[in-house]
Structure formats: structure tokens, C-alpha cells
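Participant: First the structure, then my questions, so here it is.
Numbering (the numbering used here), first residue to last: -13 to 304.
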């Protein structure tokens, strides 16, 4: 072997007597002393999910939906200020023409849970806005399926007043359905119980996660909500429900920043989704309908005429 060949095999950038390596680009040899292991984490693009956040090899049939709700931010705000969340949106799927129902917050939560607003136009507590009707959570339980709301900061099950650590009852719709108060007391629980449901593979068929007033970006920046959501998604991606392909995770906002358009970012995370951008019109009633299609129960009010998220995103159902 010539001295030039030896120089190339050793990948050394030097001049050897009688030949030169000029014009040859050699790969960089990295030393652990000059490139610490943690540098790869520090330079990760913020919109890219971690390597462990990968879909299972096969896509199972969706039997569970878990929706996270953030507060009062528009589609453009959420895309630009929630880098982890929008990274998942780009990796899996998201809607660009999804609208909330109205302003303020509470009517939107009631609409998601009940298929209509029941005439509510304010953010009053359940004592001021009792709903005498059926929710998607009650439908699921009555049909033999499971339902659950996991409320961040809530001081006790199905709390009907504000309190705890930033808990706002106006963001917990099941607490308003007075005909279902018994089931709400059983299955509307503090968010601390979400961890066990994830690790045990027992997430409900119809599920909702309600962050507190900081973690939902109501009182804190969207970056706080993004970080909080990332913490839960890291656990979910390691959970049995995700790995089996049964779980679809949805993230949306109750309403935008009070504009007339009321467009919000809505993300759908499921192994069947691969860079799926849905441009067709969808609303919160479409989320109601998705819950009901997964649970196999009749449509409530506005959900019957709402565009189907199942169809729009091509989600596999039984």
C-alpha cells in the first residue's frame, strides 16, 4: 500500500512525502473529551420529538382517545410558541381549519362534552350553569366503556368549585352534568392518577386531560403548556396503550385569543398518522363525534352533523 493510501485509510489530514491529501475531504473524528455526550441533546431542534418518541411498528385500531385542552391561543400562536407540540403535529397530523364554537371558555368545554352549549354564555360554576343532559363521558360509561377526566390541581374528585393548585372548574365539563354526578365522582379525578393509568395500560376509552391555569397557558406562557404536555407525552409513548396502537392523543385549545375566526391548532397523534395535514373544516363537535365513534355510542346534537375527525384523519376504527 502506498503512503498516500495509508494516509487515506487512517483518515489523517496531512501531507505525506511525495503526495498530498489536498482536495480530499476527511470525516471529522470526534473525541469524547472534546464533544461531551450531552451536546447532542443541547443542539436538538426544538420542534423534533426525542428519538424515543417513535410510533410502534404496526398501527392498531383506535379504541381510546385522550384529549389535552390548552387555553385561549390561536392556530398561529400555538404553532410558533409550542415547538415540541408542533413538532409532533408535523410528525403525525394536525388540522389547519379547526374552529372552536364561541367565546368564552366554558361553552366550548360543554360543547365538546355534550354536543351543544346548552345555552351557556359565561364561565360560571356548575351551581350557576347546571347541565341536565348526557355527556360523552356518561355515554361511554352507560355503554360499558370507560371514561375519565384527569384535572390538574383539582383538590378532590369532580370538584365543582375553583381551588386546589390553579384548578378552574370552568375547564372541567363533566362537573356540570348534574345527572351524571355519581359517575363524575368516580371517574373525574386529580391528574396524579393519570400516571398510573398510563403505566398500567388502562387509559379510558373516552378521556380528557385538563391542565391547571398555568399549565394550560391561561395564566402562563404557551411554552409552559408545551413543556407540561411534553412531560406527559414522554410517558405516554412508553405506555402500553400507545405501543399497542389503540390510543389516539388529541391536543386542541378551547378557544383562540378572542378573535371572530376562533381557529385553533388541533393535533392528532396516532401511529396511523404520518405528516398528515388536514385542511377540511372541523369543529369541537367533530371531537365530540370522535369520542362517540370510538365508544360506539349515538351522536349527541351537533356531533351528528359535524365533519368526522375519523374520516378527515383516516383513523382506523372497528
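C-beta: ideal position from N, C-alpha, C; glycine also. All of these numbers come straight from a predicted model, not from anything done at the bench.
Output needed for residue 139: all residues of its chain with C-beta closer than 6 Å, excluding positions within five of it in sequence on either side, in chain order.
Facilitator: Counting only Cβ-Cβ distances below 6 Å, and skipping sequence neighbours, we find 150, 151, 152, 153 and 198.
Participant: In whole angstroms, what is the alpha-carbon distance linking residue 297 and residue 252?
Facilitator: Rounded to whole angstroms, residue 297 to residue 252 spans 15 Å at the Cα level.
Participant: Have a look at 148, 50 and 64 and flag the residue whose alpha-carbon is nearest the alpha-carbon of residue 240.
Facilitator: When only C-alpha atoms are compared, the closest one is 64.
Participant: Mind checking whether residue 277 and residue 122 have CB atoms under 8 Å apart?
Facilitator: In contact: residue 277 and residue 122 (Cβ atoms closer than 8 Å).
Participant: Would you call residue 284 buried or exposed, if buried means 16 or more other Cβ atoms sit within 10 Å of its Cβ?
Facilitator: Exposed, since its Cβ has fewer than 16 Cβ neighbours within 10 Å.
Participant: Quick one: using the 10 Å Cβ neighbour count with 16 as the cut-off for buried, is residue 178 buried or exposed?
Facilitator: When all chains shown are included, residue 178 counts as exposed.
Participant: Measure from the alpha carbon of residue 99 to the alpha carbon of each residue in 195, 84 and 214, then state which is nearest.
Facilitator: For the residues 195, 84 and 214, the minimum Cα distance to residue 99 belongs to 195.
Participant: Suppose contacts are defined by Cβ-Cβ distances below 8 Å. Is residue 256 in contact with residue 85 by that definition?
Facilitator: Not in contact: residue 256 and residue 85 (Cβ atoms no closer than 8 Å).
Participant: If you draw a straight line from the C-alpha of residue 30 to the C-alpha of residue 113, how long is it?
Facilitator: Summary for residue 30: the model assigns pLDDT 32, below 50, so the residue's position carries little reliability; its value from the coordinates is reported in the next sentence. Going from the Cα of residue 30 to the Cα of residue 113 covers about 48 Å.
Participant: At what residues does the beta strand (DSSP E) containing residue 176 begin and finish?
Facilitator: Counting along the chain, the beta strand (DSSP E) containing residue 176 begins and ends at 174 to 176.
Participant: Curious, which full-length beta strand (DSSP E) runs of at least 3 residues does the stretch 92 to 141 contain?
Facilitator: With a minimum length of 3 residues, the continuous beta strand (DSSP E) runs that stay inside the stretch 92 to 141 are 133 to 137.
Participant: Is the beta carbon of residue 270 less than 8 Å from the beta carbon of residue 106?
Facilitator: Cβ atoms of residue 270 and residue 106: not closer than 8 Å.
Participant: With distances taken Cα to Cα, identify the nearest neighbour of residue 289 among 267, 279, 280 and 272.
Facilitator: It is 272.
Participant: Between the stretch 222 to 229 and the stretch 64 to 77, do three or more beta carbon pairs fall short of 8 Å?
Facilitator: Flag = no, the stretch 222 to 229 and the stretch 64 to 77 do not touch.
Participant: Suppose contacts are defined by Cβ-Cβ distances below 8 Å. Is residue 217 in contact with residue 163 by that definition?
Facilitator: Contact: no.
Participant: Can you look up residue 296 in the DSSP assignment and give me helix, strand or coil?
Facilitator: Here residue 296 sits in helix by DSSP.
Participant: Over what stretch of residues does the alpha helix (DSSP H) that includes residue 64 continue unbroken?
Facilitator: Element bounds for residue 64: 61 to 67.
Participant: For residue 191 versus residue 133, is the C-beta spacing smaller than 8 Å?
Facilitator: Cβ atoms of residue 191 and residue 133: closer than 8 Å.
Participant: Check this for me: beta carbons of residue 101 and residue 238, under 8 Å apart or not?
Facilitator: Contact flag unset, no.
Participant: Within the stretch 205 to 280, note down every full beta strand (DSSP E) run reaching 3 residues or more, in order along the chain.
Facilitator: As far as the stretch 205 to 280 is concerned, its whole beta strand (DSSP E) runs of at least 3 residues are 233 to 239, 252 to 255 and 262 to 264.
Participant: Can you give me the Cβ contacts of residue 45 inside the same chain, cut-off strictly under 6 Å, excluding the 5 residues immediately before and after it?
Facilitator: Within the same chain, residue 45 has close Cβ partners 231, 257 and 258.
Participant: What do you get for residue 50, buried or exposed, if any count of 16 or more other CB atoms within 10 angstroms of its CB means buried?
Facilitator: Result: buried.
Participant: Three-state secondary structure (DSSP) at residue 27?
Facilitator: Confidence at residue 27 is low in this model, with a pLDDT of 28, below 50, so the placement of that residue should be treated as unreliable; the coordinate-derived value is given next. If DSSP states are grouped into helix, strand and coil, residue 27 belongs with the helices.
Participant: Buried or exposed for residue 207, please, with buried defined as at least 16 other CB atoms from any protein chain shown within 10 angstroms of its CB.
Facilitator: Exposed, because fewer than 16 other Cβ atoms sit within 10 Å of the Cβ of residue 207.
Participant: Once the 5 residues before and after residue -2 are set aside, which same chain residues still bring their CB inside 7 Å of it?
Facilitator: Any reading at residue -2 must be qualified, since the residue scores a pLDDT of 30, below 50, and its modelled position is unreliable; no value is offered.
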